[in-house]
Amino acid sequence: MPRFSIIMPCFNAADTLEDTLQSIALQTNTDWELICIDDWSSDCTPRILARAAADPRVRVLINKGKGPSRARNDGVAVARGEIIAFCDADDIWAHDKLERMAEVMDDGRFDGAYARVAFFRGSRSTSQSTVTEEPLSVQVLMGENPVCTMSNLVVRRSAFQLTEGFDTTMVHNEDLEWLIRAVAKGLWIQGIDETLVHYRTSVTGLSSDLQAMEEGRRKALRTAAGFGYEPDPRAEAIHLRYLARRALRVGAPASEALRLAAAGIKESPRGFFSDLRRGSLTALGAVTAPLLPAPVRRALFAS
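In full-length UniProt numbering, the protein residues as written are 1 to 303.
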């Protein structure tokens with residue numbers, strides 16, 4: 001039985017998939033299997049996956065257009081590893097990601113773990129996420145999700161099964177909804193202060209659809225409410241700050257970043273500026289966004 005089962009949903013990912021597969025192949029920890037779930041791609045993704053499957057550690061499943069949540073659930077259902085490591089088909093892992101996560105997960109207290117994420121476009125890193133010193137909490141998740149991407153999460157298979165998997169009706173923020181549910185059920189998900197994932201930003205990616213992200217978050221908040229948690233103004237302001245930064249990072253219209261930042265400051269100035277550097281840079285970027293080219297706006301977010 002491998003230590004890690006890597007679960008990778010794929011849909012029309014031919015432009016990025018080979019880089020992602022290469023980052024997995026180069027892992028210093030080689031005790032893994034890779035389960036790729038093709039969501040009925042119409043580009044060269046199936047051909048790339050067929051070549052990858054020459055490695056006996058790689059399996060390919062067909063999802064027939066059922067979406068990323070169902071793809072991840074189906075992948076976990078056939079996984080054999082002790083630990084599930086999710087990876088999206090356009091992200092890149094540091095070569096020691098699994099090695100470091102194996103060391104963290106040797107601590108039997110932890111049900112899951114995540115690290116920092118470096119955001120990049122082309123060949124240049126544009127910003128980095130942060131991690132919390134304490135285990136993930138529902139209150140933190142209702143503000144700004146420090147996990148950022150499923151490519152950044154590992155979780156024990158036995159713990160994942162207790163959560164009953166991802167909500168298959170969701171396409172946006174299904175990761176947030178699952179994290180809220182998992183943490184509310186008592187899973188201990190620990191952050192480590194190292195950069196182990198490189199996240200590709202794109203104006204055409206799912207995470208760039210800000211309106212759909214908000215709709216998904218509302219469903220995640222309903223899940224939180226079912227466990228007795230309600231967002232306070234501080235959490236709402238932190239979330240709006242996150243969306244404003246996201247708008248600046250992916251090159252959304254300047255007016256959108258300004259609207260989100262203004263709403264966050266109005267909701268709770270203390271929450272918006274709870275991280276003074278991040279809040280100040282976000283406010284500055286939003287105010288000056290109409291005057292600056294998109295590359296310059298993105299350069300403001302180096303951490």
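Glycine included, each C-beta is placed from N, C-alpha and C at the ideal position.
Q.
For Cys148, count the other beta carbons within 10 Å of its own beta carbon; 16 or more makes it buried, fewer makes it exposed. Which is it?
A. buried
**Q.** Euclidean distance between Cα positions of Leu248 and Arg47
**A.** 35 Å
**Q.** Ala225 and Ala244 closer than 8 Å at C-beta
**A.** no
(Q) Here's the rule: buried if 16 or more other CB atoms are within 10 angstroms of the residue's CB, otherwise exposed. What is Phe227? (A) exposed
**Q.** N- and C-terminal bounds of the beta strand (DSSP E) containing Phe86
**A.** Ile83 to Phe86
Q | Contact set for Ile62: own chain, Cβ-Cβ below 6 Å, skip 5 residues either direction | A | Asp38
Q: Sort Trp93, Pro135 and Met142 by Cα distance to Phe119 and report the nearest one.
A: Trp93
Q: Report all residues from its chain with a CB closer than 6 Å to the CB of Phe166; omit the five preceding and five following residues, and keep chain order.
A: Ser69, Arg72, Asn73, Glu174 and Trp178
Q: Identify every residue that forms a DSSP beta bridge with Gly191.
A: Tyr114
**Q.** Boundaries (first-last residue) of the alpha helix (DSSP H) holding Asp19
**A.** Ala14 to Ala25
(Q) For a quick check, are the C-beta atoms of Pro9 and Arg80 less than 8 Å apart? (A) no
Q. How far does the alpha helix (DSSP H) with Glu215 in it reach, from first residue to last?
A. Leu210 to Gly226
Q) According to DSSP, is Leu153 helix, strand or coil? A) coil
Q) Straight-line CA distance for Leu281 to Glu267? A) 18 Å
Q. In chain order, what residues of the same chain have a beta carbon less than 7 Å from the beta carbon of Ser137, not counting five sequence neighbours either side?
A. Val183
Q: May I have the straight-line CA-CA distance separating Glu33 from Leu176, to the nearest angstrom?
A: 25 Å
Q | From Pro135, Ala115 and Ser158, residue whose alpha carbon lies closest to that of Met150 | A | Ala115
Q) How far does the beta strand (DSSP E) with Glu33 in it reach, from first residue to last? A) Trp32 to Asp38
Q. Looking at Ala13 and Thr45, is the spacing between their C-beta atoms short of 8 Å?
A. yes
Q. Among Met101, Gly65 and Gln139, which residue has its Cα nearest to the Cα of residue 306?
A. Any property of residue 306 remains undetermined from this structure, which presents the chain solely from 1 to 303.
Q: Evaluate Asp111 with the Cβ neighbour count: other Cβ atoms within 10 Å of its Cβ, from every protein chain shown; 16 or more gives buried, anything less gives exposed.
A: buried
Q: Pick out whichever of Asn29, Glu99 and Glu194 has its Cα sitting closest to the Cα of Val131.
A: Glu194
Q) From this set, Thr288, Ala286 and Ala237, which residue's C-alpha is nearest Asp275's C-alpha? A) Ala237
Q. So, are the CB atoms of Val104 and Ile35 less than 8 Å apart?
A. no
Q. Going straight from the alpha carbon of Gly279 to that of Phe272, what length do you get?
A. 6 Å
Q | According to DSSP, residues forming a beta bridge with Pro9 | A | Ile37
(Q) Considering just the uninterrupted stretch of the alpha helix (DSSP H) at Leu243, what are its terminal residues? (A) Pro233 to Arg249
Q) Since Ile6 contacts Ala85 with CB under 8 Å, what's their CB separation in whole angstroms? A) 5 Å
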